[in-house]
Every structure is written in structure tokens, then in C-alpha cells.
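This report concerns only the one structure given below.
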Amino acid sequence: MDQTITSEQSKAFHKGVYATFFGAFLVLFQIGIYFVYIPWNAERLQITEAEIGIGLLVFGLLNLIGNQTSGRLVVPRIGTKNSIVIGLLGIAYCPLLLILSPNYYWFLMAFMPFGFFVGLFSPSSQSQISMIESKTSRILTPLYHAAFSFGSLMGAFSAFFTIKYIESPVLIFSITGTALIIGALVIYKFGLNKSYENLEKTPKFKLPNKSILIFGILMMLNYATMGIILDWSALWLTKDLLVPLYLGGAIIFAFNIGEIFARLIASKMINRLSEKLVGGYLSIAAGVVLFISILTSNFYVIVFGMLLFGFGTANFIAIIFRLAIRITDEPIGLTVANLITLGFAGFIFGPALVGYLAEFLSLTFNMYLLSVVWGLNGVALLVMMQRINSSN
């Protein structure tokens, strides 16, 4: 790693980091509000859990296209900052389109641009953070993910009040969409200039090496199951546990508090303890805690269990990115795009499967499934890390 950077570069990287954090916050703030409105939108359109799952599947398919478009076409040509800006502009009014959809057909259509532009934004943003991380030797990925968690937290928290005091969802998502437009303009002006990036030509297409593929599969399971919390928890609380709608975001709120705390102290935990503990052992413990809390069927115990689950699983993806970039010789932007593509492939089968299981078994079953899968995820990551250490 090149640790000899000038003061001018250091200043530019600082601005890039804060601009990227800001973009991540805005995207998840808006999405965090929309997730709490999923039960309202489902009731308005009279659609089932399985039909919501199909919508999320469409989101996932377009997300894959956006991922590869970002890593192979957009970032190598115009840089990460410009790709982030385009992603934000495209995402801005997609949730508004979802809550304005007059029927299920247009509901599905609205998911298409939403998935594509999130797919454009996410790897571009992560690539910029990973590039700055490699140049400065700082641990930034967990903090970047904390910006996502903080945005989702504030979105869920804001939804408590918007549902109770603002009658017009159209007004709410018009405001959040406009905030993303303004944020894109701010990032365009103050974000990292392309001249500070080492933009490499995209190599010819080839499958990632075996280790990257396995890391991608672990990310796939992450995205396939984390959607249970973000997409389905509000519906689960209101439908299965009969919690009032304005408390529908409680699980998202608790989960994000746990994530934020863990990500803020991630660099200290990694330096003082180990990546094995932060990425593997804590994920196993988190799965066990969540499983036990769901067994109680008590709203408050479940919310506390979800807070601990958020803490335990918060840095799993950050550890995967760090390990993958460390062992590959491909450009950072392409490695990140490939990982995120594999990860978001979870949206191809995850939402449809979860929707099907929710309709024919229960959403509670999905919550149990979440805890079991995450315990196994932690075990699999520990095995991978052991193999990498043995090969070095």
C-alpha cells in the first residue's frame, strides 16, 4: 500500500470520504422510510407477500445489470464520483413512483429503474471508499457502512412521525427525492476529483477466482436474508405480532442502532481483536441470540435481540471486502462490482422465496430462517479465513 500521500491528496481524500458517506446516508434514509410504508402500500394495492417478493426480484435483476454497468463501463470511463452522482439522480424519485403506482403492473415497472440506479450507485461508492482505504491504510469500509445504517435508522425513526402526523406519502417522498437531487449536486461539487483515482482499463470478462466466488456467495446469502429485516419486518410486526403500524419500523430502528455502534468501533475491534472475531464469531453469536429472542414472541425482547443481532453482524460485509481486495490482483472497482453483483444475486431468489414462505408458512418462519442462515454464514467465513491463512 502506498502510504506516502501529499497534503493535497489527503485533503481530497477526506472530502471524498465525507461526500461518499453523505450519499450513502441519503439513499438509506429514503429507503428506510419507504420500508416502513410497505404494509401501507401493499394494502393500498391489495397485493400479497409473494407479489411483493416478485417486485423485489425485479429490483434484484436490474440491480445486477447496474452493478456490472458501473464496474465495467461507467467507473473506468468517468470515475466513481460521477457514477455516484448519476446513481443518486436516478434513485431520487423511485420510491415516489412506487407509492404512486395505480396498480401492480406499474408497481413492478417502478422497481426497474430503482434497482438499476441502486446497482449503479452501490459499487461506485464502495469502490471509492476501498480505493481511498488502499491508498491511506485507514479502515474506512465499516464507517462507510455505518453511514448506510445511520441513514436507515433515521429513515425508520422519521417514519414513526410521518405516519402519525403527515397524511400525504406523496409529499414525504417528494421531499426525500428532492433531498437526493440536492445531495447529488453537493457531491458533484465537493466529491473526489477523477484525477485522484487510478482508473484502470477493464480487463476482458472472466469469472472471478475461486476465493472471490465463495466470498460472493456469502454476500449473496447476506443480501437474500437481510432483506427479511428491511423488507419484511414491518409487515411481520403488524401482521403476525399485531403491533401498531407506527411501530412497524421498530426492528429496523433497533437493528441499525446495533449496526452503527459496531461499525463505529470496528477499526478498534479489528486492530485489538481480530477479523475472525469481528466477522465470524460475532455473526454466530448474533444468530443464536436472535433465534432465542424470537422464541419468546415478546415484542420488546425481539427488539432488543435485533439490536444485538445488528451489532454482531454489522461488519461481516466489510470483512469480506477487505479480504477479497487483499487477495485479488484485479482492479478494485471490478472486484467490488463482482462481489456486489454476486451479493445482489440474492435478490433473484431471496425475495421470491421469502414471499412464498411468508404466504404459505409465515413471516415468523422467515425470521427463524434468518437467524439460522446467519449462524452458518459466520461458520463459513471462519473456514474461508482459515484456508486463506493456510495458503499464505
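In the working numbering, the protein residues as written are 1 to 392. Glycine included, every Cβ here is placed at the ideal spot set by N, Cα and C. Keep in mind that this is a model prediction, so the values were computed, not measured.
- By the neighbour-count criterion, in which a residue is buried when 16 or more other Cβ atoms sit within 10 angstroms of its Cβ, PRO123 is buried.
- Sequence-distant Cβ neighbours of ILE129 in its own chain, meaning closer than 8 Å and more than five residues away, are VAL17, THR20, LEU140, THR141 and TYR144.
- The C-beta distance from ILE5 to THR136 rounds to 7 Å, short enough to meet the 8 Å contact threshold.
- Between ILE163 and VAL36, the C-beta gap is smaller than 8 Å, which places the two residues in contact.
- A straight line joining the alpha-carbon of ARG326 with that of SER134 spans about 9 Å.
- A straight line joining the alpha-carbon of LYS268 with that of LEU153 spans about 23 Å.
- Counting along the chain, PRO102 sits inside no alpha helix (DSSP H), nor does DSSP assign it H or E at all.
- The criterion of a C-beta distance shorter than 8 Å is not satisfied by ALA285 and LEU64.
- Just so you know, the alpha carbons of SER293 and CYS94 end up roughly 35 Å apart.
- Taking the C-beta atoms as reference points, LEU28 is found no nearer than 8 Å to GLY119.
- ILE260 and PHE150 do touch by the CB rule: their CB atoms are close to 5 Å apart, below 8 Å.
- Excluding sequence positions up to five before and after ILE332, its CB lies within less than 8 Å of the CB of SER127, SER130, MET131, SER134 and ILE325, all in the same chain and listed in chain order.
- In the DSSP assignment, SER83 falls within the unbroken alpha helix (DSSP H) covering 75–91.
- Collapsing the DSSP output to three states places GLN46 in coil.
- Secondary structure at TYR300: helix, using DSSP grouped into helix, strand and coil.
- Shown here for VAL74: same chain residues with a beta carbon closer than 6 Å to its own, the five before and five after excluded, namely SER83 in chain order.
- A straight-line Cα-Cα distance of about 27 Å links LEU62 and GLY310.
- Exclusion of the five residues before and after THR176 leaves GLN30 as the residues of its chain whose Cβ lies within less than 6 Å of its Cβ.
- One alpha carbon belongs to GLY183, the other to PHE253, and they sit about 23 Å apart.
- In terms of Cα proximity to GLY53, the closest of LEU369, LEU357 and PRO76 is LEU357.
- Setting aside the 5 residues that flank it on each side, LEU382 is surrounded in the same chain by LYS276 and GLY280, each with a C-beta closer than 7 Å to its C-beta; the list follows chain order.
- Rounded to the nearest whole angstrom, the CA to CA distance from PRO39 to SER174 is 19 Å.
- In the three-state reduction of the DSSP assignment, ILE187 falls in the helix class.
- One alpha carbon belongs to PHE148, the other to GLY79, and they sit about 21 Å apart.
- DSSP places GLU51 in the helix class (H, G or I) of the three-state scheme.
- Taken through DSSP and simplified to helix, strand or coil, SER274 comes out as coil.
- DSSP, reduced to helix, strand and coil, places ARG138 outside both helices and strands of the structure shown, so it counts as coil.
- Here TRP236 has LEU363 as same chain residues with Cβ atoms under 6 Å from its own Cβ, once five neighbours each way along the sequence are excluded.
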